[in-house]
Amino acid sequence: MKLPTLPKPPLPKRFQDAPARPGHPDKLKPLETLKEGGITAADWVDERTALSGGLRWLMFRKVPKGTNWFYTLGSATMFAFVSQALTGVFLAMYYTPSPTQAYESARHITNDVFLGEFVRGMHKWGSSVMVILIFLHMARTFFFGAYKYPRELNWVIGVALLILTFVMSLTGYLLPFDQRSFWATIVANNITASGPFVGPYLGDFLNGGADFNATTLSRFYAIHMMLVPGIIGALLGAHLYLVARLGTTAPPWQKVKPADELIEEDA
Ligand code: HEM
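Put into structure tokens, the structure is as follows:
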């Protein structure tokens, strides 16, 4: 015997055929109604923010003829920075920036925490990789003449990024708080303090007093994990904005044709 089936519940109103609208004699089919409503999350966000226009502007750009692998060095540096930020977040979950506990917490990360040695190793080697890549990227932009008009400001932002990367290396070096990092920081702070004019002030600022003391470590930690990464992130945004706005430079060996010799393909 066939069991009686319950009647199906009606489709929600917005899934039913929409009535014809003035000027649109055809009824809208359910799917079209859904499309009009922007069914995907991306559509929903885009309808309200128009972000996809900005993304298209940033990602789909024309690049000069002769663009080659050397042009990937900037993105590689950026990747190294993102990797440092991510591994740094996980290290910060276990690290304690106190003179009495810092060494022990770093030892704990390496010896006890799941994948701790791996993440700490990635952060340590990643810092060297970032410094090497930033120099290679700077050399590429220098030898390709990318510092010239109209990209001077991007070069200046790049110099600030270079200095901030060094500040990250200096402040990060103290954090394991072993003998080597302790004495290396004392030497670095003394060298800084011996600089002309601003040197003594800068030395006092780094030490958090006249000499290395109990607050120096937490000061380095705050600079290392909050102040400098934030500034690097903001400057990176400006750096990429200018790259997208001005385009990248063609390699110096790329011949420039006079306008009347250009054919459609060259343009
Ligand atoms: C955190 C460090 C840095 C990151 C993540 C970074 C990232 C980038 C990226 C992704 C590009 C576009 C692609 C490319 O040309 O490689 C670029 C372009 C550029 N960068 Fe950097 N950069 C950094 C540091 C520097 C430094 C230290 C300088 C120089 C002092 C510099 C100067 C430039 C210039 C002039 C351009 C334009 C290149 C062109 O028009 O061909 N950047 N950067």
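Reminder that position 185 of the sequence shown reads as 182 in the working numbering, one-by-one numbering, no gaps.
Beta carbons: idealized from backbone N, C-alpha and C, even for Gly.
Could you compute how far the alpha carbon of residue i sits from the alpha carbon of residue j?
i: L88; j: Q98; result: 14 Å
i: G205; j: T212; result: 6 Å
i: G192; j: V60; result: 44 Å
i: V240; j: N151; result: 8 Å
i: P147; j: F139; result: 14 Å
i: G169; j: K121; result: 9 Å
i: D201; j: S166; result: 19 Å
i: T189; j: L70; result: 31 Å
i: N187; j: Y92; result: 26 Å
i: H105; j: I129; result: 29 Å
i: L243; j: V126; result: 28 Å
i: A73; j: M90; result: 26 Å
i: D40; j: G50; result: 12 Å
i: T46; j: R58; result: 21 Å
i: R177; j: V184; result: 11 Å
i: V225; j: A38; result: 34 Å
Mapping the DSSP letters down to three states, classify residue i as helix, strand or coil.
i: A38; result: helix
i: P89; result: Reading the sequence as shown, one finds Ala at residue 89 and not Pro. Residue state, collapsed to three classes: helix.
i: F141; result: coil
i: Q251; result: coil
i: Y98; result: Residue identity differs from the one stated: residue 98 is Gln in this sequence, not Tyr. If DSSP states are grouped into helix, strand and coil, Q98 belongs with coil.
i: F209; result: coil
i: N65; result: coil
i: T111; result: First, the amino acid is wrong: residue 111 is Phe here, not Thr. Residue state, collapsed to three classes: coil.
i: P6; result: coil
i: V126; result: helix
i: T246; result: coil
i: L0; result: coil
i: V60; result: coil
i: Y146; result: coil
Considering only residues of the same chain and omitting the five flanking positions on each side of residue i, which have a CB-CB separation below 8 Å?
i: L233; result: M75, F78, L158
i: M214; result: At residue 214 the sequence reads Leu, which differs from the Met that was named. So the qualifying residues of the chain are P94, S95, P96, A99, L171, L172, F174.
i: A264; result: Reliability of the predicted coordinates at A264 is poor, the pLDDT of 47 falling under 50, and no value is obtained from them.
i: A207; result: D201
i: G142; result: T246, P249
i: M119; result: S80, T84
In the DSSP assignment, find the alpha helix (DSSP H) that holds residue i and state where it starts and stops.
i: L224; result: Premise fails: L224 is in no alpha helix (DSSP H) and is neither H nor E.
i: T182; result: 176 to 190
i: F202; result: 196 to 204
i: L48; result: 48 to 56
i: Y170; result: 149 to 171
Which residue from the options puts its Cα closest to that of residue i?
i: T84; options: R104, N186, F115; result: F115
i: A235; options: K(-1), L48, S178, L55; result: L55
i: K252; options: K(-1), G51, V164, K62; result: K62
i: H134; options: G230, R45, N65, L0; result: N65
i: G230; options: Y144, R58, Q81, P6; result: Q81
i: T245; options: L3, D208, Y68, G123; result: Y68
i: K131; options: K145, V110, M119, I154; result: It should be pointed out that residue 131 corresponds to Ile in this sequence rather than to Lys. For the residues K145, V110, M119, I154, the minimum Cα distance to I131 belongs to I154.
i: L237; options: P249, Q176, L52; result: L52
i: F209; options: W180, F141, I228, M223; result: W180
i: G123; options: A247, D257, T162; result: T162
i: T182; options: F217, Y198, G196; result: F217
i: V164; options: R137, K5, P197, A219; result: A219
Using a Cβ-Cβ cutoff of less than 7 Å, which residues in the same chain neighbour residue i once the five nearest sequence positions on both sides are dropped?
i: T107; result: G113, E114, R117
i: D43; result: S49
i: V110; result: Y91
Taking Cβ positions only, does residue i come closer than 8 Å to chain D?
i: T97; result: The structure shown has no chain D; it contains just one protein chain.
Below 7 Å, is the gap between the Cβ of residue i and the nearest heavy atom of the ligand ZN?
i: T245; result: For the ligand ZN, the structure offers nothing, since it holds only the ligand HEM.
What residues in its chain sit with their C-beta under 6 Å from that of residue i, if we drop five residues either side in the sequence?
i: H221; result: T168, G169
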